[in-house]
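Inspection log for the structure reproduced underneath, given as structure tokens.
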Amino acid sequence: MFLDSDGNITNHVEEDLLKLYVMGKSSAVNTHFLSAIAAWRYDHPEIFYVDVSKLMYRISQDSTYKFHILFGCLSQPSLLFDYIEQDKVSEMISNLNNKILEMVNPVKTGNNVSEKVIAVHDYIKSKVTYKRQFEIQDDEAEKRNHVYSSYGALVNNVAMCDGFAKAFQTAMIQLNIPSIQVPGDALDENGNSQTHSWNLVQLENKEWFVVDTTYDTTSKTDNWLLATQESILQTHFPNGQLDAQPVTFYFPPIPYVSSDLWSIDFTYTEDNKVDKVLVSFKGKNSTALLE
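Residue numbers for the sequence shown, in my numbering: 1 to 291.
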């Protein structure tokens with residue numbers, strides 16, 4: 001499986017950057033590649049079967065000094081996860097599609113956006129059980145492979161937060177409701193920080209609201225259903241890190257703290273080396289902020 005992406009890549013990657021990569025003097029191309037794959041994965045929560053770690057690219061230069069990029073599973077027989085059999089993937093996709101339709105068909109017409117969001121939230125909450133991989137019994141070991149996917153949530157009815165968020169996202173895409181999956185950290189019921197994933201959804205008034213189907217399922221409440229972003233500033237902390245890639249994705253609706261509120265200064269040693277880095281927020285240093 002190969003994709004000759006010459007025509008597209010030249011619109012986004014400068015030739016000088018490619019030269020530096022080929023010469024082994026820059027890893028920027030690799031960073032862009034991995035971050036683009038992560039963004040694609042977040043944009044397509046219905047794609048549960050592609051092992052993106054198998055995606056690779058190869059850059060070459062011909063006699064006219066033109067660069068060529070070969071993209072695909074260059075050294076792998078298939079892009080499927082090893083635990084997914086080739087002759088079963090079509091059936092698995094069909095099963096997921098049927099569950100997505102079961103979730104969205106009842107509210108496709110005659111409902112406002114809020115009602116549709118609530119119905120999808122309630123569907124997921126009623127169907128999906130939160131389980132970590134080690135909590136799944138050996139006689140259902142195959143389900144451990146899918147706890148981070150929409151397939152795990154909607155077909156197996158067992159998932160972790162990533163699976164919950166992806167299941168919700170597949171519904172919003174089908175219903176043409178603006179929504180994003182947000183990666184970050186959040187406080188659990190004991191106040192401990194943990195890696196987490198949730199969703200933001202845009203209602204008719206163009207404002208964005210929080211939907212955390214995982215926390216509502218595990219707490220058996222609706223505390224995180226269409227919550228305001230301001231109400232979760234002390235519990236949910238988006239970091240913009242898709243699949244732990246080095247590029248930070250800033251989602252427009254998320255209220256990141258303005259960089260204008262921060263200032264930075266340096267002190268230097270006699271030989272002009274940086275001695276201290278002084279950072280303040282709204283004119284206050286760390287000591288003042290803790291008071």
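Every residue, glycine too, gets a C-beta built ideally from N, C-alpha and C.
Nearest-angstrom Cβ-Cβ length linking residue i and residue j, presumed shorter than 8 angstroms
i, j, result
"threonine 170", "isoleucine 100", "5 angstroms"
"proline 238", "glycine 184", "4 angstroms"
"lysine 125", "aspartate 216", "6 angstroms"
"tyrosine 151", "leucine 96", "5 angstroms"
"alanine 159", "valine 128", "6 angstroms"
"phenylalanine 251", "alanine 39", "The pair is not a contact, with the Cβ atoms about 11 angstroms apart (cut-off 8 angstroms)."
Burial state of residue i, where buried means 16 or more other Cβ atoms lie within 10 Å
i, result
"aspartate 271", "exposed"
"alanine 167", "buried"
"valine 257", "Its pLDDT being 49, under 50, valine 257 is placed unreliably in this model, and the coordinates cannot settle the point."
"serine 149", "buried"
"alanine 244", "exposed"
"serine 197", "buried"
"leucine 233", "exposed"
"glutamate 46", "buried"
"histidine 68", "exposed"
"aspartate 162", "buried"
"asparagine 199", "buried"
Residues bridged to residue i (per DSSP)
i, result
"isoleucine 69", "Ile59"
"valine 210", "Leu200 and Ala227"
"aspartate 185", "Thr195 and Phe237"
"alanine 153", "DSSP lists no partner for alanine 153."
"threonine 129", "Val158"
Three-way DSSP call (helix, strand, coil) for residue i in this model
i, result
"leucine 79", "coil"
"asparagine 11", "Note that asparagine 11 has pLDDT 39, beneath the 50 cutoff, so the model's placement of it is unreliable and the number below is only indicative. If DSSP states are grouped into helix, strand and coil, asparagine 11 belongs with coil."
"tyrosine 250", "coil"
"threonine 269", "coil"
"isoleucine 173", "helix"
"serine 179", "strand"
"valine 319", "The question about residue 319 has no answer here: the residues shown for the chain are numbered 1 through 291."
"asparagine 205", "coil"
"histidine 44", "coil"
"aspartate 222", "coil"
"isoleucine 232", "helix"
**Request:** May I ask you to verify whether the segment 216–227 touches the segment 174–185, counting CB pairs closer than 8 angstroms and requiring at least 3?
**Result:** no
**Request:** Spell out a yes or no on whether the segment 192–202 and the segment 132–146 are touching, meaning 3 or more CB-CB pairs, one atom from each, closer than 8 angstroms.
**Result:** no
**Asked** Taking three-plus beta-carbon pairs below 8 angstroms as touching, is the segment 80–93 in contact with the segment 44–56?
**Response** yes
**Prompt:** Can you find at least 3 beta carbon pairs, one from the segment 107–125 and one from the segment 221–236, that sit closer than 8 angstroms?
**Reply:** yes
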